[in-house]
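First up is the structure itself, then whatever we jot down about it.
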Amino acid sequence: MPIGLSAHLREGDAAPGSRATGGRGARGCRARAGQPVTAVVYFDVGSSVIGDDGQRELRWFIQRIQPYPQAVILVQGFADSTGAEAKNRTLSEDRAKAVAGFLGAQGISSSRIVTQGYGTESPAAANATVQGRSRNRRVEVTVQ
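-19 is the number of the first residue of the sequence shown in our numbering; add one for each residue after it.
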């Protein structure tokens, strides 16, 4: 069960860079008190390179998990429906590994990180539109 890392936030507070709705904002984090903080990193088509926005998102996430040095971090990679499923599964795994590598480079022990690539499973949005596909090229990072 995820740890409610956002307990440091007051009800209604928005996490840095998120919309004040309390849902997933521009940075992908959840900001309601008692809900788990989740970082979401988005990727370009066919890429597993973490962009500047993704790096900022991950640094923000790392700051929030500092009080939980033993917590396990789940890194889940996803892809849009462009291309073959086997390629998308590999790409989603590569994205998850890239995020895990970034976390490791920032001092998070690899023994705390669990990665999984899901390919096109569990889309965040419909793959029928460019905008939907862009939301599906992602890695979700949560604390368990």
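Think of the CB as a built atom: it goes at the ideal place given N, C-alpha and C, for glycine as much as any other residue.
It should be emphasised that the depicted structure is a prediction, and the values quoted were computed from it without experimental measurement.
{"Check": "Residue range of the unbroken alpha helix (DSSP H) whose run includes R75", "Outcome": "65 to 85"}
{"Check": "Residues of its chain near A78, where Cβ-Cβ distance is below 6 Å and the 5 sequence neighbours each way are ignored", "Outcome": "S28, I30"}
{"Check": "Test item: CB-CB of F41 and R117 under 9 Å", "Outcome": "no"}
{"Check": "Neighbour-count burial assignment, E65, 16 or more Cβ in a 10 Å radius", "Outcome": "exposed"}
{"Check": "Of the residues Y48, R36, T109, the one placed nearest P16, counting alpha carbons only", "Outcome": "Y48"}
{"Check": "Exposure label - E37; buried when at least 16 CB within 10 Å", "Outcome": "buried"}
{"Check": "Residue range of the beta strand (DSSP E) that includes G57", "Outcome": "53 to 57"}
{"Check": "8 Å contact criterion, which V20 and E101 should meet: CB distance rounded", "Outcome": "About 16 Å; that fails the 8 Å criterion."}
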